[in-house]
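Peer 1: Have a look at this one before I ask anything.
Protein chains in written order, with the working numbering: chain A, 1 to 342; chain V, 343 to 524.
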């Protein structure tokens, strides 16, 4: 485990996977804001992947950096063609020209032969239809870990974790493009820009945070599934969801890096038997969720069921009200410089 | 002074941070086991020639993200007892030039310990000519007015094989300072 000491404060995000639509608005909001340079065409600081699935980069869970016991394990820099997927343009001009000439049906196609992409296996999921087919969406960004593997990996000391908010940043003036950080991060959330030959990663929309505004991915989310605030703010949504109600869990806690992005795991409808009757078993296997979020999934799902039932019975549930986001202002608590969401 | 020298793998155990020493603990053999060098001074100009085997030259990254570049560096101590294997030490700097196969201009480097390398423009007039032919790189540095080499008459060099994933502290180095005969 890295030896980084906890920072004075830690900003964090909670994402309620029961509400993610897979619309990629967060992905586009982030991409347009931060990653439009030529060397970052393939890079998505925020992406949304369909699970069960191989994700982005392809099979990132198997790409190393940390073992299931949290020990350092040699990782890999994913390949652009096979694992990230090379960004492509469409043949808009050819299609436009052909349509004008009336020469048959024009097809919009990529200008290359892509083999993978950020949402390549979107909506595939798993399970036999109609008894148990299932999928859900997992938005991913840098976890701004308490013990960042990327920071631990950089021999240049070009990665820092800010004391005031725990945001992990690459000092691109110091970075020499060695890519040990890319290898070491088991979440594969550091990207190499081959044009500038430096590493890049999510900055948690630092300039917005410093103005009390939530990151673009959270602010633009139509599903209102993202919560942003400080872990130690007991009046804020993060503390309530992570430490109060204890329904938000880190992704792959077994890596022992202390991720500060948390997820409310997805509930799912019942499987059907051969006659189409509900069996009472969740379509998303609970053990699959345990593989993502750890053993605490069981208690979280039980809490969510219990609170939902309370609400159904007409009883109050602060947890359900918070997760439903009746008042969107409650999703973001960024301290004294907090701005109202209009 | 023309010579052939066995190189060693720079010790990854010394690399700063917790990842590289563990992830590359098995990297004990140099990816460039042997190199030839020639060093001498003509007028004010230090000329250092390096030659080494390289089966697969990596001259450019293109837009690949998992590709590394062939490179070589020559370094000299700025004070008599500057340690070579740790890239100098605080107050005991090394300085020199870095050649990368994807650039024409040399990069000036200076370090006072591992992880402290600062890159900048090489001194005026410093240049290098490189050619890859028949499985070998041949690299000729021309380094006019390199004062610390005049004074200490010691240098060391490092070679990075891009195809082998060499970068940073993953490199083959001369086993110590090379004394330049007067």
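Even for Gly, the Cβ is constructed at its ideal location relative to N, Cα and C.
#1: Is the shortest distance between the beta-carbon of residue 161(A) and the beta-carbons of chain V less than 9 Å?
#2: 9 Å is my cut-off, CB to CB: does residue 84(A) come that close to chain V?
#3: Which residues mark the beginning and the end of the beta strand (DSSP E) in which residue 16(A) is found?
#4: Is residue 358(V) close to chain A, meaning its C-beta is less than 9 Å from at least one C-beta of that chain?
#5: Is the beta carbon of residue 317(A) less than 9 Å from the beta carbon of residue 134(A)?
#6: Based on Cα-Cα distance, which residue from 150(A), 202(A), 168(A) lies nearest to residue 184(A)?
#7: Please state the DSSP three-state secondary structure of residue 47(A).
#8: Nearest chain V C-beta to residue 156(A) closer than 9 Å, yes or no?
#9: With 9 Å set as the bound, which would you pick, yes or no: does the beta-carbon of residue 110(A) sit closer than that to a beta-carbon of chain V?
#10: Buried or exposed: where does residue 516(V) fall if 16 or more other Cβ atoms within 10 Å of its Cβ makes it buried?
#11: Pull up the distance between the alpha-carbon of residue 510(V) and that of residue 208(A), whole angstroms please.
#12: Going by DSSP, which residues form a beta bridge with residue 348(A)?
#13: Sort out for me which residues DSSP pairs residue 291(A) with in a bridge.
#14: I need the straight-line Cα distance from residue 380(V) to residue 343(V), nearest angstrom please.
#15: Are the beta-carbon atoms belonging to residue 227(A) and residue 82(A) less than 9 Å from one another?
#16: Indicate the three-state DSSP secondary structure (helix, strand or coil) for residue 299(A) in the structure shown.
#17: What does residue 255(A) reach in chain V if we use C-beta pairs closer than 7 Å?
#18: Out of 448(V), 443(V), 521(V), 394(V), which has the shortest C-alpha to C-alpha gap to residue 492(V)?
#19: Give the residues of chain A in contact with residue 436(V), contact being defined as C-beta atoms less than 9 Å apart.
#20: Residue 107(A): buried (16+ other C-beta within 10 angstroms of its C-beta) or exposed?
#21: Quick check: what's the CA-CA separation for residue 264(A) versus residue 236(A)?
#22: Step through the CB atoms of chain A and report whether any lies within less than 9 Å of the CB of residue 495(V).
#23: Quick one: which unbroken beta strand (DSSP E) runs of 3-plus residues sit fully inside the region 179-247 of chain A? Chain order, please.
Peer 2: In brief:
#1: no
#2: yes
#3: 11-16
#4: yes
#5: no
#6: 150(A)
#7: strand
#8: yes
#9: no
#10: buried
#11: 34 Å
#12: Here chain A covers residues 1 to 342 and nothing more, so residue 348(A) does not appear.
#13: BP columns for residue 291(A) are empty, so no partner.
#14: 5 Å
#15: no
#16: helix
#17: Correct list: empty, because the minimum Cβ distance to chain V is about 13 Å.
#18: 521(V)
#19: Ordered by position in chain A, no residue passes the 9 Å Cβ test against residue 436(V), which lies about 16 Å from the chain.
#20: exposed
#21: 16 Å
#22: no
#23: 190-193, 198-201, 226-230
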